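Engineer: Mind having a look at this structure? Questions to follow.
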Amino acid sequence: MKLPGLDDLSVHGGRVLTRIDINVPVRNGVVTDSTRITRVAPTIRRILELGGMPVLVAHLGRPNGQIVPELSLEVTVPALSAEIGSQVSFVPGPPGRGSLPAVKSASDGDVLLLENLRFVPGEESNDQAFVRELAMLGDLFCNDAFSAAHRAHASTAGVPGLLPGCAGDLMQGEIRALTNALESPQRPFVACVGGAKISSKLGLLRSLVKQVDGVVIGGGMANTFLSAQGLGVGRSLCESEMGDSARGILDVARRFDCSVTLPDDVVVAPRLETDAPCRVTSADECHPDEMILDLGPKSVEQVKSVIDTARTLIWNGPLGAFETRPFDRATRELVRHAAARSAAGEMTTVAGGGDTIAALNTAGVAGSFSYVSTAGGAFLEWVEGKPLPGIQALLATEGDSS
């Protein structure tokens, strides 16, 4: 897939309406993880180097079309300015027509950040009146928010229809990495999939078992697979109503000769609590008053052996309740094992999703993976093979950007 890029547009002297993803965690008015800001900064700097004026639009949280002061993007200005190496000017008030005076009065070299797009109901509904208001703010459009590309919103799918558009450097890199991993992977090709619920990743799993040589399933979703095979999982997080879906995935995996690795032993505890008393037991011996919260040591070694066979590894989701000690052990140990093989050049590793990034950062190995995608939902839908509205809109603009 070849998307138009910044080099395909006449950026010099133009206002570049730039959709970025700086939906970052904030605590007490301070950004606590600036990973997404760091990743988008090169595109903003390059627009400046090309002689363009970046007019940045983004969202924070889910204000549902209402003005929610604690979700104002103004909180990101210090971190954004530091990463870009240039002072960012914040434009208060809902973005749109009201932002036009500030945009028109800006000078060459300025970087503007508009207020939270999702303060305006028309953003998520892709309202065409709001699309036109946004398009008034730029001469060109650059989408560098791959993580929002699965949303048919005004700023992702609407604006490219009115302005010459391109993909930013981060989006280009995301697509290149995922395309290389999924369309022409070195084999054996293995996927590690974790997280809380199978219902949120049904499409992903159905797609993966047809593409890869092996799938490791962990986290809360593994409990649903264990339950579907008649094992008791006590008070564990489990979508028992998804039993037929779980069995169906296992059937498809068998038909496509894809091995599925489920926990053999597990760590159980009476409650999910830091340093809660816990024990290791086989996966079929969870007591009715216990919860399965992590992989046991035997399962960890089993997963390591699966990873050791791989030449390409795709990872989405933690394999245990990694936010709570000591149930972070398996995920930490396994991402470090994968990172070591990746750093040694023994396999290509691609990871994606917010929880996955947090797990890699906590383990200190994000830099050792071949590529870490900032996207969650878009990452999953791309792996499933679904068309992404934000990407399709840019493809439709190709040839209209001269």
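Going by my numbering, the sequence shown opens with residue 12, and the numbers climb by one from there. Beta carbons: idealized from backbone N, C-alpha and C, even for Gly. Keep in mind the model is a prediction, meaning the values are calculated, not measured.
For L124, which option in A90, G375, E85 has the closest C-alpha, if you only look at C-alpha atoms?
Structural biologist: It is E85.
Engineer: Suppose you measure from the CA of R343 to the CA of M64; what does that come to, to the nearest Å?
Structural biologist: Taking the straight line from one Cα to the other gives about 42 Å.
Engineer: On the three-state DSSP scale, how would you describe L304?
Structural biologist: Of the three classes helix, strand and coil, the one that applies to L304 here is strand, per DSSP.
Engineer: Could you check what DSSP says for A377 in three-state terms: helix, strand or coil?
Structural biologist: In this structure, A377 counts as helix in the three-state DSSP scheme.
Engineer: Just checking, does the segment 137-144 make contact with the segment 367-383 on the three C-beta pairs under 8 Å criterion?
Structural biologist: Contact between the segment 137-144 and the segment 367-383 is absent, because fewer than three Cβ pairs lie under 8 Å.
Engineer: Quick check on L67: does DSSP put it in helix, strand or coil?
Structural biologist: Note: L67 maps to strand in three-state DSSP.
Engineer: Specify the secondary structure class of N34 as computed by DSSP and reduced to three states.
Structural biologist: Correct three-state label for N34: coil.
Engineer: Just the Cα atoms here: how many angstroms apart are H23 and A321?
Structural biologist: For H23 and A321, the distance between alpha carbons rounds to 46 Å.
Engineer: Grab me the residues of L128's own chain with a C-beta within less than 8 Å of its C-beta, minus the 5 sequence neighbours each way, in chain order.
Structural biologist: Only V68, A69, H70, P106, E134, H164, A165, S166 meet the Cβ criterion.
Engineer: Going by DSSP, name the residue or residues bridged to A202.
Structural biologist: Answer is V226, I325.
Engineer: If you follow the alpha helix (DSSP H) that L145 is part of, which residue opens it and which one closes it?
Structural biologist: Counting along the chain, the alpha helix (DSSP H) containing L145 begins and ends at 139-146.
Engineer: Would you grab the beta carbon distance between T29 and G179 for me? Rounded to a whole angstrom, and I think it's under 8 Å.
Structural biologist: Between G179 and T29 the Cβ distance is about 7 Å, and since that is below 8 Å, they are a contact.
Engineer: Count the CB pairs spanning the segment 222-229 and the segment 191-205 that are closer than 8 Å, and state whether there are at least three.
Structural biologist: Contact between the segment 222-229 and the segment 191-205 is present, because at least three Cβ pairs lie under 8 Å.
Engineer: Who are the near neighbours of L261 in its chain, counting only those whose CB is closer than 7 Å to its CB and skipping five residues on each side?
Structural biologist: For L261, where only same-chain residues beyond five positions count, the Cβ hits under 7 Å are V271.
Engineer: S83 to V227, Cα distance in whole Å?
Structural biologist: Cα-Cα distance, rounded: 39 Å.
Engineer: Mind pulling the beta strand (DSSP E) runs of 3 or more residues that sit fully within the segment 86-111?
Structural biologist: Runs found: 99-102.
Engineer: In or out: S316 buried (at least 16 other Cβ within 10 Å) or exposed?
Structural biologist: So S316 ends up on the exposed side.
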